[in-house]
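**Q** Numbers in our numbering are just positions in the sequence shown, counted from 1, shifted up by 763.
Supplied in structure tokens, the structure appears directly below.
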Amino acid sequence: MSVVNMVPVAVSAASAVAFAAYLLPWGRRPATCTADGFARDLEQAPVVLRPAILSFGSPAHSQQMFSLLKLGNPETGFPSVEWWDYSRHGLTVDLLMGAGQTLSDWASEDVRSRMADHIGVDQVTVSSPARGWVRLELRVHDTLAEAVVTDVETGSVTAAGVDLEAVPVGMREDGTPWLLRILYSHILIAGATGSGKGSVLWSILLGLGPAIKAGFVDVWLIDPKGGVEFGIGENKLFVRFATDAPTVIATLTEAVTVMEERQARMRAAGLRKLVPSRDEPLILLIIDEAAALSSYAERDQQEEFRRQTGKLQSQGRAVGVSVIAAVQDPSKEVMPNRQLFPTRVGLRLEEPTQVAMVHGKGARDKGALCDEIPEETPGVGYVGEDGKRGFVRVRAYWISNEQTKEIVERFSPAADVDFAPTQDYSDFDPDDLGDDIPGDGYSGPVAA
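What follows is the structure in structure tokens.
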């Protein structure tokens, strides 16, 4: 039973705002309430969600469903539905798992698919807000189905308005801005061809734009694929631009040297963290498709690439040197230091095993379904951060070709003015200004 067949007009593709507004009058619902209260909730609910509310709000119906899904039985007991609540995409349900259950019992594709069919929703996703708990997201509307557009001119216009630890790069599925920490962090972006890696990178550049222009951020762009996508910013937006193995290795070596010099200055000054300034800007190294060097270059170049990036990732954060790497293949052979990325963005991936490569073992059970992202939604992904439980579903801004040109034109730092003489004036005599100037040996007529 599909949602479309159940209620053709319940949630149209263009009705996200109206649907969210419709849900606002209802708040968090405890699992236990009076029969009259539950009947009223069911009657007032959106038609498309009534089967789900009946299945989780009525103990008899929930126990029947859990029995059918082999998630409980009268002998061993049933999971306890604690509360449910409306969300922007449908319904959220929190449960206490049954004795002996683990998150993987709920997160398997078979269980999620059969549950979605049983309650008539498009999709069920699973996460765990705390040990022993399972959170079900019952989805009848995808809040990230449409491209997230932005205007180059709508962002901050001053460097002071840019928070380098919270750069807006898109939208979370709950409707709030997707903010990325650039300063004091490293970011891994993994996704198949056409998954939107370029959108994420250009969104980051847009968010950093005013700080780049003001000189608080220097972007070093490394593109071993030849620099086609980012060549528009060469010698403009990017302080360094490397496109082949020798220049890439030289750029990384220079970055390590700058990092080590900063470490020495900070150690002498007793500083633990660098605060970016025009004299000591945040150095952001963006590596687009690391596999071109980590896997396909000459062996000595591969080793040097891994050695230098390892140094930058393990030592660079505190001194204002951040690395963002975008890869298609997130395997250890391609990105050997992937454990050194505190922030990981998994866009559309081809295989479930690749999800574990990006987000770690058990990531799919915790809600990171990167391999289920449709091709029609580039820029959609799941973000995981060290120290934070679970994953956040997001979509990066869609940046058009014209907007990339605007970003370069608007935020490229002003070129340094060279005040050095362009000619040799060593024989210049300031007392000899020419014999046609009155008072300097000129004997001709003087104008009145």
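Where a beta carbon is used, it is the ideal one built from N, C-alpha and C, also for glycine.
Report, in whole angstroms, the separation of the C-beta atoms of Arg1101 and Leu951, which I expect to be a contact under 8 angstroms.
**A** Correct: roughly 6 angstroms between the Cβ atoms.
**Q** Straight-line CA distance for Glu1147 to Pro892?
**A** Residue 1147 is actually Gly in this sequence, not Glu. Approximately 14 angstroms between the Cα atoms of the pair.
**Q** Return the residue from the list Ser962, Ala1089, Met1022 and Ser850 that minimises the CA-CA distance to Thr913.
**A** It is Ser962.
**Q** What are the complete beta strand (DSSP E) segments, minimum 3 residues, inside the segment 998-1039?
**A** 1003-1005, all fully within the segment 998-1039.
**Q** Can you give me the Cβ contacts of Glu1043 inside the same chain, cut-off strictly under 8 angstroms, excluding the 5 residues immediately before and after it?
**A** For Glu1043, where only same-chain residues beyond five positions count, the Cβ hits under 8 angstroms are Arg1025, Leu1037 and Gly1083.
**Q** Quick check: the segment 1127-1141 against the segment 932-949, are there 3 or more CB pairs under 8 angstroms?
**A** Touching, no, given that fewer than three Cβ pairs across the two stretches are closer than 8 angstroms.
**Q** Can you tell me the Cβ-Cβ gap for Ile975 and Ala1005, rounded? I've got them flagged as a contact below 8 angstroms.
**A** About 18 angstroms separates the two Cβ atoms, so there is no contact after all.
**Q** How about the segment 1071-1090 and the segment 928-942: do they share at least three Cβ pairs that are nearer than 8 angstroms?
**A** With a cut-off of 8 angstroms, the segment 928-942 and the segment 1071-1090 do not count as touching, because too few Cβ pairs lie within range.
**Q** Measuring straight from C-alpha to C-alpha, what distance separates Asp1051 and Arg1111?
**A** Spanning the two alpha carbons is a distance of roughly 17 angstroms.
**Q** Assign Asp831 to buried or exposed, taking buried as 16 or more other Cβ atoms, counted over all protein chains shown, within 10 Å of its Cβ.
**A** Reading the sequence as shown, one finds Leu at residue 831 and not Asp. When all chains shown are included, Leu831 counts as exposed.
**Q** Looking at Glu1135 and Ala955, is the spacing between their C-beta atoms short of 9 angstroms?
**A** For Ala955 and Glu1135, no; Cβs fall outside 9 angstroms.
**Q** If I measure Cβ to Cβ from Met934 and keep anything under 6 angstroms in the same chain, skipping five residues before and after, which residues do I get?
**A** Closer than 6 angstroms at Cβ, skipping near neighbours: Val911, Trp941 and Arg1158.
**Q** In whole angstroms, what separates the C-alpha of Gly1150 from that of Arg875?
**A** When rounded, the distance between both Cα atoms is 27 angstroms.
**Q** Taking only three categories from DSSP, how would you classify Gly800?
**A** The answer is helix: DSSP assigns Gly800 an H, G or I state.
**Q** Among the candidates Val811, Gln1091 and Leu866, whose CA atom is the shortest distance from the CA of Ala1126?
**A** Closest by alpha carbon: Leu866.
**Q** Considering only their Cβ atoms, is the gap separating Leu969 from Val915 smaller than 9 angstroms?
**A** Contact: yes.
**Q** Quick one: measure Cβ to Cβ for Thr839 and Gly861, integer angstroms, because I've assumed they're closer than 8 angstroms.
**A** With a Cβ gap of about 7 angstroms, Thr839 and Gly861 count as contacting.
**Q** With DSSP as the reference, label Thr956 as helix, strand or coil.
**A** Of the three classes helix, strand and coil, the one that applies to Thr956 here is coil, per DSSP.
**Q** Any idea if Lys1124 is buried or exposed, counting beta-carbon neighbours within 10 angstroms, 16 or more meaning buried?
**A** Exposed, by the Cβ-count rule.
**Q** Figure out for me which residue from Arg1080, Ala1088 and Ala1081 has the closest Cα to the Cα of Arg1069.
**A** Of the candidates Arg1080, Ala1088 and Ala1081, the one whose C-alpha sits nearest the C-alpha of Arg1069 is Ala1088.
**Q** Check Val884 in the structure and name its three-state DSSP category.
**A** In the structure shown, Val884 sits in coil (DSSP, three-state: anything other than H, G, I, E or B).
**Q** Quick one: what does DSSP say Glu739 is sitting in, helix, strand or coil?
**A** The chain is shown from 764 up to 1211; residue 739 falls before or after that span and cannot be answered.
**Q** Determine the direct distance from the alpha carbon of Gln1065 to that of Trp896, and round the result to whole angstroms.
**A** Distance between the alpha carbons of Trp896 and Gln1065: 45 angstroms.
**Q** Mind checking Gln1166: buried by the 16 CB within 10 Å criterion, or exposed?
**A** Counting Cβ neighbours within 10 Å, Gln1166 comes out buried, since at least 16 surround it.
**Q** Just to confirm the assignment, what range does the alpha helix (DSSP H) spanning Arg1063 have?
**A** Inspection of the sequence shows that residue 1063 is occupied by Asp rather than by Arg. Taken as a continuous stretch (DSSP letters only), the alpha helix (DSSP H) holding Asp1063 covers Arg1062 to Gln1078.
**Q** Return the Cβ separation of Gly820 and Phe801 in integer angstroms, given the expectation that the two are a contact with Cβ distance under 8 angstroms.
**A** Correct: roughly 5 angstroms between the Cβ atoms.
**Q** CB-CB under 7 angstroms to Thr1016, same chain, minus the five flanking residues each way: which ones, in chain order?
**A** Result list for Thr1016: Gln1071, in chain order.
**Q** I believe Ser818 touches Ile882 by the beta-carbon criterion, under 8 angstroms. Please report the beta-carbon distance rounded to the nearest angstrom.
**A** With 8 angstroms as the limit, Ser818 and Ile882 qualify as a contact, their Cβ atoms being about 5 angstroms apart.
**Q** Taking 9 angstroms as the cut-off, decide whether the C-beta atoms of Asp1007 and Ala1054 are in contact.
**A** The answer is no: Cβ separation not under 9 angstroms.
**Q** Can you look up Ser1163 in the DSSP assignment and give me helix, strand or coil?
**A** Coil.
**Q** Is the distance from the Cβ of Gly1153 to the Cβ of Lys1129 below 9 angstroms?
**A** For Gly1153 and Lys1129, yes; Cβs fall inside 9 angstroms.
**Q** What separation, rounded to the nearest whole angstrom, lies between the Cα atoms of Glu997 and Asp981?
**A** The alpha-carbon atoms of Glu997 and Asp981 are separated by roughly 13 angstroms.
**Q** Would you say Leu1034 faces chain B, with C-beta separation under 9 angstroms as the test?
**A** Although the question refers to chain B, the structure presented lacks it and comprises just one protein chain.
**Q** Please look up how many angstroms separate the CB atoms of Gly835 and Gln827, rounded, as I've assumed it's under 8 angstroms.
**A** 10 angstroms between Cβ atoms; not a contact.
**Q** For Trp846 and Lys988, I'd like the C-alpha separation in whole angstroms.
**A** Spanning the two alpha carbons is a distance of roughly 51 angstroms.
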